[in-house]
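Peer 1:
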Amino acid sequence: MGFKETFQINGENLLQKIKEIIAEGNVNKISISDKHGKEIMSFPITVGAIGLILAPVFAAIGAVAALLTECTITVERNSEKKEEDKKDGPSEPPTTITVN
0 MGFKETFQIN
10 GENLLQKIKE
20 IIAEGNVNKI
30 SISDKHGKEI
40 MSFPITVGAI
50 GLILAPVFAA
60 IGAVAALLTE
70 CTITVERNSE
80 KKEEDKKDGP
90 SEPPTTITVN
């Protein structure tokens, strides 16, 4: 079982933030919602999906970003990181970061 993180971001920074999240690793799924909470797109991230397979996804994200002024990214991560966090100290609630 995994855990979720939520990021609120404007459309012009959407693609860069998605790339950063994927580079961090430990990601199962990414969902993008508009400012009203309606899910616009959702895609799974698998270990082997980095690179060529994600190129069309990045193109779609770029198109969506052009239409959105504000959006929310929900990231579902593997539980492995959460287990590591338990070793280091008490678990914290999901992080919400607002980028303008």
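Using numbering that gives the first Met the number 0, the first residue of the sequence shown is number 0, and each one after it goes up by one. Note that beta-carbon positions come from the ideal geometry of N, C-alpha and C, so glycine has one too.
1) Do you know how far the Cα of I29 is from the Cα of K18?
2) So which of G1, I72, S78 and K3 has the shortest CA-CA distance to S41?
3) According to the neighbour-count rule (16 or more other Cβ atoms, all chains shown, within 10 Å of its Cβ), is S78 buried or exposed?
4) Using CA atoms only, rank isn't needed, just tell me which of I60, N12, I44 and P55 is closest to I21.
5) So within the region 1-41, which uninterrupted beta strand (DSSP E) runs reach at least 3 residues, ignoring any that extend past its ends?
6) Report all residues from its chain with a CB closer than 8 Å to the CB of R76; omit the five preceding and five following residues, and keep chain order.
Peer 2: Walking through what the data contain:
1) The sequence position of residue 18 within the sequence shown is 19, counting from 1. The sequence position of residue 29 within the sequence shown is 30, counting from 1. C-alpha separation (whole angstroms): 11 Å.
2) Looking up residue 41 in the sequence shown gives position 42. Nearest option by C-alpha distance: I72.
3) As a first step, residue 78 must be located in the sequence shown, where it is residue number 79. Exposed, since its Cβ has fewer than 16 Cβ neighbours within 10 Å.
4) Position 22 of the sequence shown, counted from the start, is the residue given in the question as residue 21. It is I44 whose Cα lies nearest to the Cα of I21.
5) 2-9 and 26-33
6) As a working mapping, residue 76 is identified with position 77 in the sequence shown. Cβ within range, chain order: G1, F2, K3, E4, N25, V26 and N27.
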